[in-house]
Amino acid sequence: MSLDKTNEEKIIRTICNSHCGGVCEMKVHVSGGRIVRIESGGEGETSHRMCARGRAYRQRVYAPDRLLYPLKRVGARGVGEFNRVSWDEALETVARELKRVKDTYGNAAILHFCSLADAHVVHHTQAFHRLLCQFGGYTAPWGFISYEGLAFAVGTTYGTPPAAYTHEISQRAEVYPKARLIIMWGWNPVDTYQGTRTPFSLARAKEGGTRFIYVDPRYTDSAAAFANQWIPIRPGTDVAALTAMSYVIVKENLHDQHYIDTYTTGFDMFRDYVFGLEDGIEKTPEWAADITGIPAATLTALAREYAVTKPAILEGGYAAGRTAFGEQFHRAIVALEAITGNARISSGGRAGSRALRRILQIPSPPNPVEMNAPPRWNALPYRSASVNSSARVNVNLLVDAILKGKAGGYPADYKFLWLSNTNYLNQLSEVNKGIEAFQKLEFILVTEQFMSSTAKFADIVLPVCTFLERTDFRTPKAIEPLGESRSQLQICEALAPKLGITDYSDKSDKEWVEFMMTKLSEEVSKAATAPKKEAADLTSEITPTPSGKIEIYSQTIAEMKHPLIPPVPKYIETWESLNDPLAKKYPLQLITPHFKRRAHSQFDNLPWLRDLQKQALTINAVDAQSRGIHDGDMIRIFNDRGEVIIPAEVTERIMPGVVALPQGGWYNPDENGIDRGGCANVLTKNVTSPAGAFPSHTALVQVEKAEE
Amino acid sequence: MQYGFYIDQTRCTGCFTCVVACRDWHDVPAGPASWIRIKTIEKGKYPDLFVAFLPITCYHCLQPNCIPVCPTGAIIKRDEDGIVTIDRELCLGAGCQLCLDACPYDAPQFGPEEDAKMQKCDLCVDRWAEDKKPVCVDGCPMWALDAGPLDELRAKYSDAKFAEGFVYSEDIAPSVTFKPKQDVKGLVTQKILITPPAL
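Residue numbers (our numbering), protein chains in the order written: chain L, 71 to 778; chain X, 1462 to 1660.
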């Protein structure tokens, strides 16, 4: 593709797509082959205007620390000493190691994970997947880091993928303003966006008279923008509050018996649990008050208001699902929705770009590593055999799998790790354990734009271009790749022949897009002719559970026979709760929320964004005072897993007993191994919830003033 | 004709899109100079809280304090639209800063360099010439901002001269009108943050 390099300014329209959940319209001004400005693409209030991060994209493209050449490690892993090498040398090295590991240990010893950082459709997981499947297979991860708790709950209760349940970006403008009550539960879209249309649609709802109740340990900027009422809640106790709400609603006969009888199964068993017939404990608001920190009267009022206000939306954010028993949170939400007749599901209207990502994929042969493996014990019916395969490893446990291998019950011993579009070490739990695992590997390949905490451990780093330097679905190339950086597909194309693969790709990026467009047209015309179904005419077609109904008692879960995944949603006390003996030593609950100026760890290095928010630990004035901490003081945050030293931000906007360290700060250890970058995952625990969720908001810590 | 801003404070979420859009459009590096900032006003004690955000910039006053104090006449108010602009060639630079001392809204900006010339919001005069609104207005994901002839903005939206965190100066008459966010409980201010920080 030849691009105009004259000085005449051209405008390329594209879509910013940076792992925030948004798809915002972008106008890129290009002159002389360089991006000179970026404008918001949208006109009119139906458009998706970019946030601050998208507006800073020029600084990302031209960042002085962009990786522009292949690098080979020369220092110890983690130190960050590399030499520039040619693409040929880098790819030869990678190919040689891949072949050696394959020959010595078998294909399952190759672990690969591609996340969503700056990924799109052509240049995404499937590009790598096709290559590695053609190479004889590899070990792929399963599970969503962001919302596996939700995926499990929806997959078992409704029998559908989460996209069938969550409001797609394109639907929100329509859905929210219709509600008379919106309960935002652990959901902070002003910071996380999930598309800038989300907060905008909420503002429209508020202006139309919708009442907002905000349930969260923090008085976030979303609370500031929308909340008529803030109900602070202790992290990890959400299910107790939701169960008490169900108690009030059923006790006071505010549930929708007709809806329950028509569309759900298992209500009786759920009621037995709620009324204590099962365990002798009535799940009253008084019972929940002690657990959650929410006064019983507040919970009672909340339950009544939710039950009698129609239409009401209970929007459970992914955050509360990223706790020790995160799936129970989403299960409890869907149960509460179902018993009040607020269940939401529809087979139509899901044409958002995120759903398209699943339709639009580079095709691939099956993964030979998975072919003879039986399904996992926790396979979900809506998932493909490949994703349900027991040959896969939970995405949160890659480092555990590397450390323990077959001896620890994993399907293989892992020797080669290829990470792409992810700062895995930084963004998954327990960094120090991750480092131990990375040190054990025989080879690490990282494809990256920047020298991330993860890339520092790589043996070879391959420089990837940004999405503005490649062509993908609805995102035409604006400029040529900087330096020697290449797109994901180009990297795979160049590696393929060195692995003896001759039929990797016969298409250019543009041709792949056209190929997918054809597939998409077929899907769209199929969808257009299918009758649209709403909650009012639920059928087994849109709740493909074993019973064909919304399963408050889930047969799929019952068959899993896991003692910590009950078939009806239940409150289970988390590990590292305030009742844990460990709380004597580490008395504060740590949560690790998203940060407005980053998309996970992306964008952290851009000066235009960096001075907008300070990476700091948010701590309530009461907890700060008892520790002699003042706003801005340097503090130590620590537990048995590690230590971080950063400034404190003393505020009234967080519940006492809870501290918040925004996830995504770049891990930056000093000579004593103490992190100075504010990386929250130094402190989180590398386990999953029983169903596989990433419990990033379940960790105890202590905080002290740092002596320096 | 007097151009100015409309700010819907009830919509502003403090997302900083206007700040970064302005930096990109006008090529302003991160540092002490920023043509638009966000003021965050935090009031009350846990759990009874109120938080408001307010974009702060040059309000292109009807009687700007900065103009009479400038020793070289570098600051002018345009006849056609009342936009206040700076001729950087004439500015004496960071050593002077009389304009900044005179402005109650800290609108004049100086970069980190010793001889930095004054810079500030010019309401995107270049964009009006192309029939476009200022880049902050065009970029706001909450549609919380507008700009144009002040009379029209007041007629279309609101003629409120107050907002949380803003004091209207009758003497200089800033060209801004608000839909204010109001703290009905009258909570005590705990913290005020200016972002990006001025220095």
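All C-beta atoms, glycine included, are put in the ideal place defined by N, C-alpha and C.
In three-state DSSP terms, what is residue i?
{"i": "residue 248(L)", "result": "helix"}
{"i": "residue 1505(X)", "result": "strand"}
{"i": "residue 459(L)", "result": "strand"}
{"i": "residue 659(L)", "result": "strand"}
{"i": "residue 416(L)", "result": "Below a pLDDT of 50, predicted positions are generally treated as unreliable, and residue 416(L), at 46, falls in that range; no measurement from the model is reported."}
{"i": "residue 268(L)", "result": "helix"}
{"i": "residue 1519(X)", "result": "coil"}
{"i": "residue 654(L)", "result": "helix"}
{"i": "residue 222(L)", "result": "helix"}
{"i": "residue 86(L)", "result": "strand"}
{"i": "residue 99(L)", "result": "strand"}
{"i": "residue 1463(X)", "result": "coil"}
{"i": "residue 318(L)", "result": "helix"}
{"i": "residue 510(L)", "result": "helix"}
{"i": "residue 1657(X)", "result": "coil"}
{"i": "residue 454(L)", "result": "coil"}
{"i": "residue 423(L)", "result": "At residue 423(L), the pLDDT of 38 sits below 50, so the modelled position is not reliable and the matter cannot be decided from this model."}
{"i": "residue 184(L)", "result": "strand"}
{"i": "residue 711(L)", "result": "coil"}
{"i": "residue 1615(X)", "result": "helix"}
{"i": "residue 1667(X)", "result": "Nothing in the structure corresponds to residue 1667(X), since chain X is present only between 1462 and 1660."}
{"i": "residue 284(L)", "result": "strand"}
{"i": "residue 120(L)", "result": "coil"}
{"i": "residue 94(L)", "result": "strand"}
{"i": "residue 1469(X)", "result": "strand"}
{"i": "residue 1570(X)", "result": "strand"}
{"i": "residue 304(L)", "result": "coil"}
{"i": "residue 637(L)", "result": "coil"}
{"i": "residue 200(L)", "result": "helix"}
Roughly how far, in whole angstroms, is the beta-carbon of residue i from the beta-carbon of residue j, given that I think they are within contact range, below 8 Å?
{"i": "residue 845(L)", "j": "residue 760(L)", "result": "In the structure displayed, chain L extends from 71 to 778; residue 845(L) sits before or after that span and is not available."}
{"i": "residue 403(L)", "j": "residue 272(L)", "result": "At roughly 18 Å, the Cβ-Cβ gap does not stay under 8 Å, so residue 403(L) and residue 272(L) are not in contact."}
{"i": "residue 466(L)", "j": "residue 758(L)", "result": "5 Å"}
{"i": "residue 114(L)", "j": "residue 94(L)", "result": "In fact, because the Cβ distance is near 14 Å, the residues do not count as touching under 8 Å."}
{"i": "residue 197(L)", "j": "residue 432(L)", "result": "6 Å"}
Does the stretch 477 to 484 of chain L come into contact with the stretch 88 to 107 of chain L, if we say contact requires no fewer than three beta-carbon pairs (one atom in each stretch) closer than 8 Å? no
Do three or more CB pairs link the stretch 1520 to 1531 of chain X to the stretch 1643 to 1651 of chain X at distances below 8 Å? no
Would you call the stretch 251 to 266 of chain L and the stretch 221 to 230 of chain L in contact, with 3 or more CB pairs under 8 Å? no
Between the stretch 146 to 165 of chain L and the stretch 521 to 530 of chain L, do at least 3 Cβ pairs fall closer than 8 Å? yes
Under 9 Å, CB to CB, which of the residues in the stretch 74 to 96 of chain L have a partner in chain X? 94
For the stretch 1539 to 1564 of chain X, which residues have a beta carbon sitting closer than 7 Å to at least one beta carbon of chain L? none
Can you list, in chain order, the residues of the stretch 299 to 314 of chain L whose Cβ is nearer than 8 Å to any Cβ on chain X? 300 and 302
Quick one: which unbroken alpha helix (DSSP H) runs of 4-plus residues sit fully inside the stretch 529 to 605 of chain L? Chain order, please. 558 to 568 and 579 to 599
Just to confirm the assignment: which complete alpha helix (DSSP H) runs, minimum length 4, are found wholly within the stretch 334 to 412 of chain L? 337 to 344, 355 to 362, 366 to 378 and 396 to 409
Residues within the stretch 221 to 250 of chain L neighbouring chain X, beta-carbon criterion of under 8 Å: none
Jot down the residue ranges of each uninterrupted alpha helix (DSSP H) in the stretch 1576 to 1611 of chain X, minimum 4 residues, whole runs only, in chain order. 1586 to 1590 and 1596 to 1600
Could you name the residues of the stretch 1496 to 1508 of chain X whose beta carbon sits closer than 8 Å to any beta carbon of chain L, in the order they occur along the chain? 1503, 1505, 1506, 1507 and 1508
Residues of the stretch 1586 to 1611 of chain X with a CB closer than 8 Å to any CB of chain L: list them in chain order, please. 1596, 1599, 1600, 1601, 1602, 1603 and 1604
Quick one: which unbroken alpha helix (DSSP H) runs of 4-plus residues sit fully inside the stretch 459 to 484 of chain L? Chain order, please. 468 to 474
Check each residue of the stretch 263 to 285 of chain L: if its Cβ is closer than 7 Å to any Cβ of chain X, include it; give the result in chain order. 266, 269, 270 and 273
In chain order, which alpha helix (DSSP H) runs of at least 4 residues are fully inside the stretch 713 to 752 of chain L? none
What residues in the stretch 662 to 695 of chain L have a beta carbon less than 8 Å from any beta carbon of chain X? 666, 667, 677, 678, 679, 680, 681, 682, 683, 690, 691 and 692
Interface positions of the stretch 495 to 524 of chain L facing chain X (Cβ-Cβ less than 7 Å), listed along the chain: none
Would you list, in chain order, the members of the stretch 115 to 128 of chain L that have their beta-carbon closer than 9 Å to a beta-carbon of chain X? 115, 118, 119, 120, 121, 122, 123, 124, 125, 126, 127 and 128
Stretch-stretch touch, CB-based, cutoff 8 Å, three pairs: the stretch 281 to 296 of chain L with the stretch 575 to 590 of chain L: no
For the stretch 197 to 210 of chain L against the stretch 727 to 743 of chain L, are there 3 or more C-beta pairs whose distance is under 8 Å? no
Touching by the beta-carbon criterion (3+ pairs, under 8 Å), the stretch 1604 to 1614 of chain X and the stretch 1463 to 1471 of chain X: yes
Take every Cβ of the stretch 759 to 773 of chain L, pair it with every Cβ of the stretch 1592 to 1611 of chain X, and state whether three or more of those distances are shorter than 8 Å. no
Sufficient close CB pairs (3 or more, under 8 Å) joining the stretch 519 to 527 of chain L to the stretch 131 to 142 of chain L: yes
Could you name the residues of the stretch 96 to 114 of chain L whose beta carbon sits closer than 8 Å to any beta carbon of chain X, in the order they occur along the chain? 107, 108, 109 and 110
Stretch pair the stretch 662 to 681 of chain L + the stretch 319 to 328 of chain L: three plus CB contacts closer than 8 Å: no
When Cβ atoms are compared, which residues of the stretch 1641 to 1653 of chain X fall closer than 8 Å to chain L? 1651 and 1652
Taking 8 Å as the cut-off, does the stretch 267 to 286 of chain L touch the stretch 240 to 255 of chain L (at least 3 CB pairs, one atom from each stretch)? yes
Between the stretch 635 to 647 of chain L and the stretch 395 to 410 of chain L, do three or more beta carbon pairs fall short of 8 Å? yes
Residues of the stretch 438 to 454 of chain L with a CB closer than 7 Å to any CB of chain X: list them in chain order, please. none
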